[in-house]
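The sequence shown begins at 1344 in this note's numbering and counts up one residue at a time. Glycine residues also receive a C-beta, built at the ideal position from the N, C-alpha and C atoms.
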Amino acid sequence: MGRKSKKQRAIDLLKELNQNDLFDVQRFLNSFELGSPKNSYSKIEPLFDRLCPNCGSTEHIRKGKTRTGLTSYQCKTCRRRFTILSGTSMDKTPFDWKVWVTILEKMLTNQSTETTQQYLIRNGLVSDIDIGTVSAMMQKLRNSFIDMPLPVLEGNVQVDEKHFRESQKGSQALVDVLNPKTTRKARERATASKYGTMGPEFSTVCCAVDSSGHSVAKVVCMGQMKLEDFEDNIACHFGNVAFLCSDMNTLYTQYASIHKMNQYVINSEYHRIIAKCDTATKRQSAYEQNKLDYVTECGIMSYQKMCKFRDANNLTINGVNAYHSELKRYIDHMAKGVSTKHLQAWVSFYNYRNNFRIDHGYSPSTYDDAEVILIELLKLRKPITVQDIKDKTDKTKKQSPRYTKKFIAATVAARIKSNNPYIKFAEEDGIWIVDKKRSLNLLPEYKRRELAKALKIKPFSPSAVSSADLKKKLLAHPGLEDALYVLANGHTNDKQI
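The structure is reproduced here in structure tokens:
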């Protein structure tokens, strides 16, 4: 006879027990609680102040317990009754503490709503629960993370944007964001946008990661982010920043210049260009035209010296690129087309998990982790109801109708003149022809040199003419507008959003 399995050995052991022993085993199993052995409301009550949510008084008397085991208090000042959960997203909940903690635990481990519902029932945490109720509880928890305090970013701070397609999932009347006065038909998820990320078809999530790995991420606007959007949402969390590391989006250069901040800038096409520069001379030439990467406010240096300086100071944007790429994968996998009005809740939840991992050295995934986090959420005293979530509207900052109109006109004109129907402007391109002078100022220096070369403006090399003189010659040239379109065609990935 082969070796018995653990299950069979356990069954044989139970058969040997008498009736009294079986009673003791049954009593033990009935008292056993999933996760932490002390997960009742009585455990967490001492962790909260007994403040009346109505008048703020600390004078109260006990008034029995609720059916979930919470102590009920009556305020001596206003006579209102309350519990430690009053004024939180769990106010008047009919579910036990361990149910909420388990739901948050499953959220931390990327479990679906259906899996969580089945787990709760299968493990006896609830006798029955509707999947819509589980979904609503998850939404309340997820929205609570929006109000969690964010860290102060210090050292080398990397910044970049990630764009999410506008969605009105769950809405009955779908508004056409390109023309808000009209409606649109439902679309398939894989349908390409008409004009790209700088218009109102995409929400812009700006992400920042510092030297320690702490992060800040917010949905700042629809389409092109402006300097004030960056300052109000992201830069307000900056502390002592040594270097601002970014791509060639001129918004970051403007911010660094205004605040006299050291900046490391890398071209978004760096890897493609550096692969073609197989000699030191070619790399130096590309570097002088700002086609590779460079450092500001640190004096003049050769490309070789700049590379040594870059590596010694760990200047890169790999950290923020990895962060927002993983954020995109997480939301695409878990939310499957989340409505734009709920996007910040998903971003905040993911961002909190990242900062928890940095602070504790591991990602939160256990029951005990979820319990600690839930207590932290409740201490914020932010009441969120199911009705609040249902009534939630999209408050993301929109582009003005004037901006949208000019943006569409600029894109259509660029497609016609360049004979490329797929052109979509990117952050580094700017929206050309809206304002030629402003558009020219937004261009990196090496693109201005390319324009001058295309227009046969001589001299156009950096050693022969200054940047200021070159801009004057470009603005005076009658063919500037057409040349901008040609340059857009040469620097746009024409089949991707």
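With DSSP run on the structure shown, which of helix, strand or coil describes residue i?
i, result
"residue 1711", "helix"
"residue 1416", "strand"
"residue 1483", "helix"
"residue 1583", "strand"
"residue 1700", "helix"
"residue 1330", "The structure shown does not extend to residue 1330, since the chain spans only 1344 to 1840, so no value can be given for it."
"residue 1619", "helix"
"residue 1430", "coil"
"residue 1649", "helix"
"residue 1498", "strand"
"residue 1737", "coil"
"residue 1636", "strand"
"residue 1695", "helix"
"residue 1410", "coil"
"residue 1456", "helix"
"residue 1526", "strand"
"residue 1423", "coil"
"residue 1768", "coil"
"residue 1450", "helix"
"residue 1644", "coil"
"residue 1681", "coil"
"residue 1573", "helix"
"residue 1435", "coil"
"residue 1790", "helix"
"residue 1614", "helix"
"residue 1334", "Past the edges of the chain, shown from 1344 to 1840, lies residue 1334, and the structure says nothing about it."
"residue 1676", "helix"
Going straight from the alpha carbon of residue i to that of residue j, what length do you get?
i, j, result
"residue 1656", "residue 1468", "52 Å"
"residue 1524", "residue 1689", "29 Å"
"residue 1769", "residue 1540", "7 Å"
"residue 1639", "residue 1725", "43 Å"
"residue 1813", "residue 1631", "16 Å"
"residue 1710", "residue 1384", "15 Å"
"residue 1517", "residue 1529", "7 Å"
"residue 1699", "residue 1431", "22 Å"
"residue 1515", "residue 1682", "12 Å"
"residue 1401", "residue 1559", "36 Å"
"residue 1636", "residue 1608", "5 Å"
"residue 1761", "residue 1749", "18 Å"
"residue 1678", "residue 1591", "31 Å"
"residue 1427", "residue 1715", "16 Å"
"residue 1489", "residue 1751", "33 Å"
"residue 1634", "residue 1789", "6 Å"
"residue 1784", "residue 1692", "38 Å"
"residue 1822", "residue 1513", "48 Å"
"residue 1511", "residue 1520", "10 Å"
"residue 1441", "residue 1474", "18 Å"
"residue 1494", "residue 1663", "15 Å"
"residue 1804", "residue 1791", "10 Å"
"residue 1563", "residue 1411", "40 Å"
"residue 1825", "residue 1531", "35 Å"
"residue 1721", "residue 1793", "57 Å"
"residue 1450", "residue 1393", "29 Å"
"residue 1780", "residue 1545", "26 Å"
"residue 1601", "residue 1593", "12 Å"
"residue 1707", "residue 1718", "14 Å"
"residue 1436", "residue 1729", "12 Å"
I'd like to confirm the pairing. Which residues does DSSP put opposite residue i in its beta bridges?
i, result
"residue 1550", "1503 and 1560"
"residue 1606", "1587"
"residue 1404", "1417"
"residue 1545", "1508"
"residue 1518", "1526"
"residue 1491", "Residue 1491 pairs with nothing; no bridge assigned."
"residue 1568", "The partner list for residue 1568 (beta bridge, DSSP) is empty, contrary to what the question assumes."
Of all the CB atoms in chain C, is at least one closer than 8 Å to the CB of residue i?
i, result
"residue 1590", "The displayed structure is made up of one protein chain only, and chain C is not part of it."
State buried or exposed for residue i, treating a residue as buried only when at least 16 other CB atoms are found within 10 Å of its CB.
i, result
"residue 1578", "buried"
"residue 1370", "Any reading at residue 1370 must be qualified, since the residue scores a pLDDT of 48, below 50, and its modelled position is unreliable; the value itself is stated next. Exposed."
"residue 1487", "buried"
"residue 1712", "buried"
"residue 1421", "exposed"
"residue 1811", "exposed"
"residue 1470", "exposed"
"residue 1580", "buried"
"residue 1727", "buried"
"residue 1419", "exposed"
Count Cβ pairs between the segment 1587-1594 and the segment 1493-1508 that sit closer than 8 Å; are there 3 or more? When C-beta atoms of the segment 1587-1594 are compared with those of the segment 1493-1508, three or more pairs fall below 8 Å, so the two segments count as touching.
Pair every Cβ in the segment 1678-1692 with every Cβ in the segment 1724-1739, then say whether three or more of these pairs are closer than 8 Å. yes
Inter-stretch contact (C-beta, 8 Å, three-pair minimum) for the segment 1455-1464 and the segment 1399-1407: no
Quick check: the segment 1669-1676 against the segment 1505-1513, are at least 3 beta-carbon pairs closer than 8 Å? yes
Check whether the segment 1755-1770 and the segment 1797-1812 touch, using three or more Cβ-Cβ pairs below 8 Å as the test. no
Is there contact here, the segment 1569-1576 with the segment 1643-1658, by at least three beta-carbon pairs under 8 Å? no
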